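Peer 1: I am attaching a structure below and will ask some questions about it afterwards.
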Amino acid sequence: MSIEESIQSPDTAPPPESETATEPAPPVIRPRRRVLRTVGLIAVAAVLGLVGGTAVGYGIQAEREPTPLAALNQPPLVHPKPLPKGQEPEPLPEAEDRQAKWDGDLRKLLVPRPKGARADGQDGWQSVAEYANGFTRPEWTLRSELALGVRRIAARSWRTGEDRWVKVSLVQYRAKSVVGALRHVTHEQAFASREEEAGDFGEEVKGSGNGRYYVYPVRRKAGHLDFHHARAVIQRGDIAIIILMSDSRKIAEKDIRSLAEQQLERL
28 MSIEESIQSP
38 DTAPPPESET
48 ATEPAPPVIR
58 PRRRVLRTVG
68 LIAVAAVLGL
78 VGGTAVGYGI
88 QAEREPTPLA
98 ALNQPPLVHP
108 KPLPKGQEPE
118 PLPEAEDRQA
128 KWDGDLRKLL
138 VPRPKGARAD
148 GQDGWQSVAE
158 YANGFTRPEW
168 TLRSELALGV
178 RRIAARSWRT
188 GEDRWVKVSL
198 VQYRAKSVVG
208 ALRHVTHEQA
218 FASREEEAGD
228 FGEEVKGSGN
238 GRYYVYPVRR
248 KAGHLDFHHA
258 RAVIQRGDIA
268 IIILMSDSRK
278 IAEKDIRSLA
288 EQQLERL
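At position 229 of the sequence shown (counting the first as 1) the number is 256 in this note's numbering, and the numbers step up by one without a gap.
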């Protein structure tokens with residue numbers, strides 16, 4: 028048998044293919060998702076409930092009697108009848124009318140110089156620029172005083188003994204306002220309380236309300252006399268009272284306190 032015959036022989040023919048073919052798997056049936064549908068229904072129900080409740084509330088309110096409002100007009104103010112002519116109260120005497128006194132000659136309200144004291148420097152009206160020159164920052168003080176509405180300044184200074192020097196200033200502000208005087212006094216008190224100045228909050232000037240006086244620690248410098256310093260700062264209405272005292276000898280508290288009380292009494 029030749030090789031061709033052996034290949035074509037039915038005994039050696041390849042086996043027939045299998046008649047059973049692999050069938051495709053049936054599709055998986057997934058459960059339907061109803062979560063989103065449920066949430067949507069809940070949201071719709073909530074909106075409908077809100078709208079319905081609001082409508083019912085408006086309906087109930089519409090059936091009620093209206094609540095009366097309070098009257099807009101106010102009862103008329105009752106003013107006392109004027110006194111008959113000739114029975115009006117007399118005006119206050121100048122000694123009791125503080126504002127009339129303050130609106131007068133401010134120089135007359137300055138405490139007088141002590142007996143035997145020597146005039147030194149200012150005695151009468153003082154310009155704002157001259158007043159500002161007595162401070163460590165004149166330009167700033169000048170701008171500040173003008174902004175506060177300073178009206179006029181009266182000052183008096185004198186010397187007693189060998190080296191004691193005293194100056195009393197009355198600084199009045201415009202429009203009868205206490206704001207300018209209060210701010211000036213508050214600033215001066217804060218400055219005096221600094222550690223490099225008096226270093227404390229001072230002592231109260233009795234009867235002043237917010238007045239304080241300060242006795243500074245002595246300052247010593249080689250080749251110079253000792254420098255003792257005291258200050259009083261008081262507000263009375265629209266007037267700021269500034270009292271300065273210096274000496275080469277110790278200044279007693281009663282000296283600055285009594286002078287402050289005397290000046291306060293004149294206002």
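In this text, a Cβ means the ideal position worked out from N, Cα and C, and glycines have one as well.
Since we're looking at a predicted model, the values are computed, not measured.
On the three-state DSSP scale, how would you describe leucine 169?
Peer 2: In the structure shown, leucine 169 sits in a helix (DSSP, three-state: H, G or I).
Peer 1: Taking C-beta to C-beta, are valine 260 and glutamate 288 nearer than 8 angstroms?
Peer 2: Contact: no.
Peer 1: So, are the CB atoms of glycine 151 and arginine 134 less than 8 angstroms apart?
Peer 2: Yes; because the gap between Cβ atoms is below 8 angstroms, this pair is in contact.
Peer 1: Taking 8 angstroms as the cut-off, does the segment 249-260 touch the segment 270-285 (at least 3 CB pairs, one atom from each stretch)?
Peer 2: Yes, the segment 270-285 touches the segment 249-260.
Peer 1: Please return the same chain residues whose Cβ sits closer than 8 angstroms to the Cβ of glycine 148, not counting the five positions on each side in sequence.
Peer 2: Correct list, in chain order: Ser184, Lys194.
Peer 1: Pull the bridge partners of histidine 256 from the DSSP assignment, please.
Peer 2: Per DSSP, Ser273.
Peer 1: Can you tell me the Cβ-Cβ gap for alanine 208 and glycine 161, rounded? I've got them flagged as a contact below 8 angstroms.
Peer 2: Between glycine 161 and alanine 208 the Cβ distance is about 18 angstroms, and since that is not below 8 angstroms, they are no contact.
Peer 1: Note down, in chain order, each residue of its chain lying with its Cβ closer than 6 angstroms to the Cβ of arginine 178, except the 5 sequence neighbours on either side.
Peer 2: Only Gln199, Tyr200, Arg201 meet the Cβ criterion.
Peer 1: Applying the 10 Å Cβ sphere with the 16-neighbour rule, what's the burial state of glycine 143?
Peer 2: The residue is exposed, with fewer than 16 neighbouring Cβ atoms inside 10 Å.
Peer 1: So, at 8 angstroms on beta carbons, what are the nonlocal neighbours of alanine 225 in its own chain, with the 5 sequence-adjacent residues on each side left out?
Peer 2: Contacts found: Ala219, Tyr241, Val242, Tyr243, Pro244, Arg258.
Peer 1: At the level of alpha carbons, what is the spacing between alanine 267 and glutamate 166?
Peer 2: Between alanine 267 and glutamate 166, the C-alpha separation is close to 20 angstroms.
Peer 1: Need the endpoints of the alpha helix (DSSP H) that alanine 159 sits in, please.
Peer 2: Residues 155-159.
Peer 1: Thinking just about the alpha-carbon of each residue, which of Thr81, Ser235, Pro141, Leu294 is nearest to the one in arginine 191?
Peer 2: Arginine 191 has its Cα closest to that of Pro141, out of Thr81, Ser235, Pro141, Leu294.
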